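One structure is given here, and the rest of the page talks about it.
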Amino acid sequence: MDRADEVDKSGQNLSVTLHPSGRDDMSILSMQRLNDQYVPLPLNLPNGPSSPVDMAVDYFTYDYEFAEPPRVTSLQNTVPLPTFTDFGDDTYFVADQRGYESVVHHLAGQYLNADKSGNIADARLKLNKVDHITSDAMIFSVRKDELIKHAIIMVVVREISYSSTGVTVKTEDNSTYQADYVMVSASLGVLQSDLIEFKPQLPSWKILAIYQFDMAVYTKIFVKFPKKFWPEGAGREFFLYASTRRGYYGVWQEFEKQYPDANVLLVTVTDEESRRIEQQPDSQTKAEIMEVVRSMFPDEDVPDATDILVPRWWSDRFFRGSFSNWPIGVSRYEYDQLRAPVGRVYFTGEHTSERYNGYVHGAYLAGIDSAEILINCAQKKMCKYNVGGKHG
1 MDRADEVDKS
11 GQNLSVTLHP
21 SGRDDMSILS
31 MQRLNDQYVP
41 LPLNLPNGPS
51 SPVDMAVDYF
61 TYDYEFAEPP
71 RVTSLQNTVP
81 LPTFTDFGDD
91 TYFVADQRGY
101 ESVVHHLAGQ
111 YLNADKSGNI
121 ADARLKLNKV
131 DHITSDAMIF
141 SVRKDELIKH
151 AIIMVVVREI
161 SYSSTGVTVK
171 TEDNSTYQAD
181 YVMVSASLGV
191 LQSDLIEFKP
201 QLPSWKILAI
211 YQFDMAVYTK
221 IFVKFPKKFW
231 PEGAGREFFL
241 YASTRRGYYG
251 VWQEFEKQYP
261 DANVLLVTVT
271 DEESRRIEQQ
281 PDSQTKAEIM
291 EVVRSMFPDE
301 DVPDATDILV
311 PRWWSDRFFR
321 GSFSNWPIGV
331 SRYEYDQLRA
341 PVGRVYFTGE
351 HTSERYNGYV
361 HGAYLAGIDS
371 AEILINCAQK
381 KMCKYNVGGK
391 HG
């Protein structure tokens with residue numbers, strides 16, 4: 001762990017010396033090779049660490065944060081990580097009994113009408129347009145004469161038609177919405193899928209920008225047991241499993257502090273393991289987990305798990321992944337293209353946040369930035385969006 005921290009610090013020092021254009025960017029794995037992290041890496045370990053312990057440490061250091069391995073992740077744009085630089089590298093688990101959505105409701109209550117109980121009851125907010133609530137695309141429908149009273153429509157959007165005079169949005173329940181402008185906050189994974197059809201088709205530069213970024217898959221699997229058999233106490237919230245297979249149920253977390261006596265463990269998997277697990281029944285996943293925990297604690301009486309929760313973000317057509325990761329070869333030029341509007345169609349989301357992509361605060365701040373760009377056009381007639389040069 002100490003050696004991994006040393007190499008990461010060396011990578012940070014190297015990263016800040018690279019040209020701002022991104023022309024000298026490299027993968028995190030390339031940086032590791034330069035530091036000769038895993039002796040003798042340059043000769044017989046070209047793809048990174050291969051021993052179980054080295055893989056576990058490497059996975060915990062990088063994959064656990066970016067959801068993809070060092071060989072594909074940009075050094076210049078992720079090391080040092082802007083979120084940790086700006087806000088500190090302490091991480092916390094949200095255990096609020098109201099659920100994480102309470103944050104969303106609080107923000108929405110600042111500009112949408114609510115009833116006496118504080119529940120959002122704004123007639124302009126369209127929910128439950130199909131059998132269940134979805135959030136694949138949030139459309140900010142802004143009319144020139146209602147810039148303050150903007151409508152927010154959350155439905156299953158299937159088609160966005162745009163012209164020089166306006167925008168028409170069609171949804172899965174055959175509803176049609178017309179507006180002067182539209183803001184699309186569908187995830188990068190959804191934009192890379194065929195869920196939403198744009199008419200006319202988005203220009204090639206926009207499609208290429210969308211496809212160049214990675215939509216990573218990050219899966220937190222919760223497993224409940226009838227009793228505890230794992231270590232507890234200060235400094236023991238996390239523990240790693242060193243498998244001969246990289247990322248195989250490697251990072252574990254216990255919740256005695258957050259949820260006393262809940263007897264729940266969280267194991268995180270990413271990338272290819274996430275995709276593999278999503279395609280198999282939960283019973284098989286639970287069987288694999290039981291084999292792992294019993295090998296981790298051979299001297300303990302490990303009971304069978306009583307329940308398991310396996311999210312499937314990659315398989316869900318409304319997400320197609322968990323969050324974006326900045327891959328090698330993509331610069332801020334492509335990020336400007338990703339956020340850039342196409343006519344009257346504007347884009348936002350965590351993947352359009354140049355500094356905080358992959359995070360909720362990135363999505364929040366990107367929404368503010370994108371709204372200002374749209375309002376400047378609709379209200380102030382300042383509609384030109386500049387994309388800097390590739391190597392400027």
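Going by full-length UniProt numbering, the first residue of the sequence shown is number 1, and it counts up by one from there. A virtual CB, placed ideally from N, CA and C, is assigned to each residue, including glycine. It should be emphasised that the depicted structure is a prediction, and the values quoted were computed from it without experimental measurement.
| query | result |
| --- | --- |
| Which of helix, strand or coil DSSP assigns to V347 | A small correction: the amino acid at residue 347 is Phe; Val does not occupy that position in the sequence shown. Three-state result, F347: strand. |
| Three-state secondary structure assigned by DSSP to T73 | strand |
| Host alpha helix (DSSP H) of S163 (start-end) | Counting along the chain, S163 falls outside any alpha helix (DSSP H), and DSSP gives it neither H nor E. |
| First and last residue of the uninterrupted alpha helix (DSSP H) at T268 | Where T268 is concerned, there is no enclosing alpha helix (DSSP H), although the beta strand (DSSP E) it sits in stretches over 264 to 270. |
| Limits of the beta strand (DSSP E) - the one that Y218 falls within | 218 to 224 |
| Cα-Cα separation, K170 to Y62 | 40 Å |
| Bridge partner(s) assigned by DSSP for L309 | F222 |
| K228 versus I368: straight-line alpha-carbon distance, rounded | 45 Å |
| Segment contact, 8 Å Cβ cut-off, at least three pairs: the segment 59 to 74 with the segment 20 to 35 | yes |
| Proximity of Y346 and V223 at Cβ, strictly below 8 Å | no |
| Three-way DSSP call (helix, strand, coil) for A114 in this model | strand |
| Pick from A366, L125, Q178 that is closest to V155, judged by C-alpha positions | L125 |
| Residue span of the alpha helix (DSSP H) that contains Y241, given as start and end | Where Y241 is concerned, there is no enclosing alpha helix (DSSP H), given that its DSSP letter is neither H nor E. |
| Three CB pairs or more closer than 8 Å across the segment 341 to 359 and the segment 232 to 246 | no |
| Whether L266 touches I221 by CB criterion (8 Å) | yes |
| Which listed residue (V167, D214, D180) has its alpha carbon closest to that of S187 | D214 |
| Limits of the unbroken beta strand (DSSP E) element including W205 | It is not in any beta strand (DSSP E) - W205 instead sits in the alpha helix (DSSP H) that spans 204 to 212. |
| Close-in-space but distant-in-sequence residues of the same chain around N113 (CB under 7 Å, 5 per side omitted) | A121, D122 |
| Helix, strand or coil at I120 according to DSSP, with G and I counted as helix | strand |
| Y92 in three-state terms, based on DSSP | coil |
| Buried versus exposed, by CB contacts within 10 Å (16 or more), F93 | exposed |
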